[in-house]
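Trainee: Structure provided below as structure tokens; questions to follow.
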Amino acid sequence: MIIRKPQVLIPESQLDAGIIRKLERYARVCYKSEDKIGEHNDNFLKSIISRGHESVIEHEKVTVMFIVDRGITHEIVRHRIASYSQESTRYCNYSKDKFGNEITVIEPFFLIGKEEAFRYWEEACRTAEKCYLALLKNNCTPQEARSVLPNSLKTEIVVTYNLREWRHFFRLRCATPAHPQMKQVTIPLFLLFKEKLPLLFDDIEYDRDFPKQHYAEVVLTDDLFMCE
Ligand SMILES: Cc1cc2nc3c(=O)[nH]c(=O)nc-3n(C[C@H](O)[C@H](O)[C@H](O)COP(=O)(O)OP(=O)(O)OC[C@H]3O[C@@H](n4cnc5c(N)ncnc54)[C@H](O)[C@@H]3O)c2cc1C
């Protein structure tokens, strides 16, 4: 059984400042003020958003890949203005060589340093793995054997939201009441969106008390989610 940390992958080209130019172009149609493109466009888009005229920013989308546990993806997929592609426990057979003949789980960071609790968690995952592999050996298909896989199972999910939905998602999922393992991936991702597209994300609040040392790594990739 492999224990790993969560990660977020995002193609570097996705947060290009060209997005802002395009959004301004689309929004100017509403006011027939195309002659003002590029003039004070910061204030223009900001005031549009602050007035709740958010449909304008639905024209552009961003796609990212989360590598998290299945508990977290269960929450992510509750967001409906979205497209998803997720690693399937029906079709993936973790006893195969390409998976190392074992399952991979996401380390629950809040159990680190709580030795006994961590041991219980690890034991539960190892028992689940043992039973999963035994079910496969007993002629069960992966979609049958998956019944015993743990919530902590690592999964990959490609998520596409338009920018309005990203704003909504970050508002809910970076806020204090969100699950800690959700904030672990959403806050660093949000901070990247905010750095690259401040006009669109500057006004959103997040849980500033969430410890930085637990932020997941956000990896900038090429368009195929490949790293250098
Ligand atoms: C801290 C927290 C705790 C939660 N706890 C629970 C829980 O205990 N149990 C549980 O089941 N869920 C829980 N949820 C999930 C929550 O109820 C939502 O399903 C989830 O956050 C998706 O949010 P949404 O519906 O606003 O977003 P999206 O699906 O992303 O929709 C975006 C927006 O579009 C509009 N919209 C979308 N669909 C409709 C529709 N059918 N009708 C009208 N307007 C629509 C709404 O304005 C919505 O806010 C929790 C969420 C959070 C953040």
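FYI, this note's numbering numbers position 161 of the sequence shown as 1572, with every residue one higher than the one before it.
Think of the CB as a built atom: it goes at the ideal place given N, C-alpha and C, for glycine as much as any other residue.
Values in this document were obtained by computation on a predicted structure and should not be read as measured data.
Assess, as a yes-or-no matter, whether the stretch 1430-1442 is touched by the stretch 1532-1549 under the definition of 3 or more beta carbon pairs within less than 8 Å.
Mentor: As far as the Cβ criterion goes, the stretch 1532-1549 does not touch the stretch 1430-1442, which means the pair count is below three.
Trainee: If I'm right that residue 1495 touches residue 1570 with Cβ under 8 Å, what's the distance once you round it to whole angstroms?
Mentor: Residue 1495 to residue 1570, Cβ: 6 Å. Contact.
Trainee: Taking Cβ to Cβ, would you say residue 1417 is nearer than 8 Å to residue 1624?
Mentor: No. Outside cutoff.
Trainee: Use the C-beta contact count for residue 1638: other C-beta atoms within 10 angstroms, 16 or more gives buried, fewer gives exposed.
Mentor: Counting Cβ neighbours within 10 Å, residue 1638 comes out exposed, since fewer than 16 surround it.
Trainee: Would you grab the beta carbon distance between residue 1467 and residue 1434 for me? Rounded to a whole angstrom, and I think it's under 8 Å.
Mentor: Confirmed, about 6 Å.
Trainee: Buried or exposed for residue 1432, going by 16 or more other Cβ atoms inside 10 Å?
Mentor: Counting Cβ neighbours within 10 Å, residue 1432 comes out exposed, since fewer than 16 surround it.
Trainee: What is the residue span of the beta strand (DSSP E) that residue 1631 lies within?
Mentor: Start and end: 1628-1632.
Trainee: Taking buried to mean at least 16 other C-beta atoms within 10 Å of its own C-beta, is residue 1596 buried or exposed?
Mentor: Buried: at least 16 other Cβ atoms inside 10 Å.
Trainee: For residue 1457, does the three-state DSSP call read helix, strand or coil?
Mentor: Three-state result, residue 1457: helix.
Trainee: According to DSSP, is residue 1496 part of a helix, a strand, or is it coil?
Mentor: Note: residue 1496 maps to strand in three-state DSSP.
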